[in-house]
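When you line the sequence shown up against the working numbering, it's residues 2 to 235, in that order.
Have a look at the structure below, then the notes.
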Amino acid sequence: MKPHLKEPSENLLLALKATLKRDLVLMLRRRGEVLNPLVFFALVITLFPIGISPDPELLAIIAPGLLWVAALLAALLSLDSLFRSDYDDGSLEQLLLAPQPLSALALAKVAVHWLLTGLPLALMAPILGIMLALPGGSYVVLAVSLALGSAILSLIGAIGAALTVGLARGGVLLSLLVLPLYIPVLIFGAGAVQAAIAGDPVTAHLAILGALLAVALMLAPWAIAASLRISING
2 MKPHLKEPSE
12 NLLLALKATL
22 KRDLVLMLRR
32 RGEVLNPLVF
42 FALVITLFPI
52 GISPDPELLA
62 IIAPGLLWVA
72 ALLAALLSLD
82 SLFRSDYDDG
92 SLEQLLLAPQ
102 PLSALALAKV
112 AVHWLLTGLP
122 LALMAPILGI
132 MLALPGGSYV
142 VLAVSLALGS
152 AILSLIGAIG
162 AALTVGLARG
172 GVLLSLLVLP
182 LYIPVLIFGA
192 GAVQAAIAGD
202 PVTAHLAILG
212 ALLAVALMLA
222 PWAIAASLRI
232 SING
């Protein structure tokens, strides 16, 4: 009897699960890389009222933009290491040679980055918003907008990380590449929180973030795969 051959979809699913599990285990072993963005985020929000003013009214005005900018910069801190360790140990080349689509495997790696960076930032933000006298009705909107926005930041940032993975000091170049692309996410994310504070509808801002995420999910994996091939093969 001939051995049972798995369908291509089953092979892809197994490869995605293996990639997710491997990256989660490796990232949890390097707890410093996971905690650095969260500590940076907390420090910025903690020190800002000391440096500016403890006035609750002033802090409530600047809180949406400050929380979003701090979260954006915190997410940017962890991007350079997204593909760096795989590039150093040679496993990135194995991904390129795998029979599964590189775009799907890259998307799995980005998902791990978001789970360990973007999602914790979104959950931390309402707690830190209390320090900035953020009105209570905006906490849910802040968390949802950051959850959506951080996923977009991870997808866009992964393109820059893939382009600069072969460079010895690619962190600065990575920031220059992706920061201009982060501006629309920052505008609509902070705008959603400001609308919640003012009592205005927030569905339009969240819908735009959702649309940006859908576009990023469709296009970014292919761009990441192409960027990795350029970095590895020249």
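Note that the Cβ used here is the ideal one computed from N, Cα and C, for glycine as well.
Predicted, not measured: the structure shown is a model, and the values here were computed from it.
Span separating the alpha-carbon of residue i from that of residue j
i, j, result
"Ala19", "Glu58", "49 Å"
"Asp24", "Asp56", "43 Å"
"Leu77", "Leu68", "14 Å"
"Ser151", "Ala105", "19 Å"
"Val26", "Ile188", "34 Å"
"Phe49", "Pro136", "18 Å"
"Ala15", "Ala197", "For clarity, residue 15 is Leu in the given sequence; the question names Ala instead. If you take the alpha carbons of Leu15 and Ala197, they lie about 42 Å apart."
"Ile233", "Ile225", "12 Å"
"Gly52", "Ala61", "15 Å"
"Leu96", "Ala148", "28 Å"
"His5", "Leu13", "Note that His5 scores 48 on pLDDT, short of 50, meaning its location in the model is unreliable; the coordinates nonetheless yield the value given after this. Approximately 16 Å between the Cα atoms of the pair."
"Ile46", "Leu117", "20 Å"
"Leu93", "Ala112", "17 Å"
"Leu108", "Arg85", "16 Å"
"Leu143", "Leu168", "35 Å"
"Leu210", "Ala99", "33 Å"
"Ile184", "Leu73", "10 Å"
"Ala221", "Gln195", "29 Å"
"Leu44", "Gly91", "35 Å"
"Phe42", "Gly66", "13 Å"
"His114", "Gly200", "33 Å"
"Ala244", "Lys110", "The structure shown does not extend to residue 244, since the chain is modelled only from 2 through 235, so no value can be given for it."
"Ala71", "Gly192", "15 Å"
"Gly138", "Ala208", "19 Å"
"Tyr88", "Val186", "29 Å"
Cutoff 7 Å: residue i Cβ touching any chain B Cβ
i, result
"Gly91", "Chain labels in this structure do not include chain B; a single protein chain is all it has."
Same chain, Cβ closer than 7 Å to residue i, five either side skipped, listed in chain order
i, result
"Tyr140", "Pro127 and Gly130"
"Trp223", "Ser104"
"Met132", "Ile46, Thr47 and Pro50"
"Ala227", "none"
Beta-carbon contacts of residue i that lie in its chain and below 8 Å, excluding the five residues immediately before and after
i, result
"Ala217", "Ala152, Ile153, Leu156 and Ile157"
"Ala134", "Pro57, Glu58, Leu60, Ala61 and Ala64"
"Ser54", "Leu60"
"Leu21", "Ala109, Ala112 and Val113"
Cβ-based neighbour list, residue i, same chain, cut-off 6 Å, excluding 5 preceding and 5 following
i, result
"Glu34", "Ser82"
"Gly190", "Trp69, Ser146 and Gly150"
"Ser79", "Pro38 and Thr118"
Runs of alpha helix (DSSP H) lying entirely within the segment 50-104, each at least 4 residues, in chain order | As summarised for the segment 50-104, the continuous alpha helix (DSSP H) elements at least 4 residues long and confined to that stretch are 57-78, 85-90 and 92-98, given in chain order.
Inter-stretch contact at 8 Å, needing at least 3 Cβ pairs: the segment 176-185 / the segment 153-167 | Inter-segment contact for the segment 176-185 and the segment 153-167 is present: three or more beta-carbon pairs are separated by less than 8 Å.
Are at least three pairs of beta-carbons, each pair with one atom in the segment 32-48 and one in the segment 106-126, less than 8 Å apart?
-> yes
Taking only runs that begin and end inside the segment 108-144, name each unbroken alpha helix (DSSP H) of 4 or more residues, in chain order.
-> 120-132
Just list the alpha helix (DSSP H) runs in the segment 140-195, keeping only unbroken ones of 4 residues or longer that don't cross its boundaries, in chain order.
-> 140-165, all fully within the segment 140-195.
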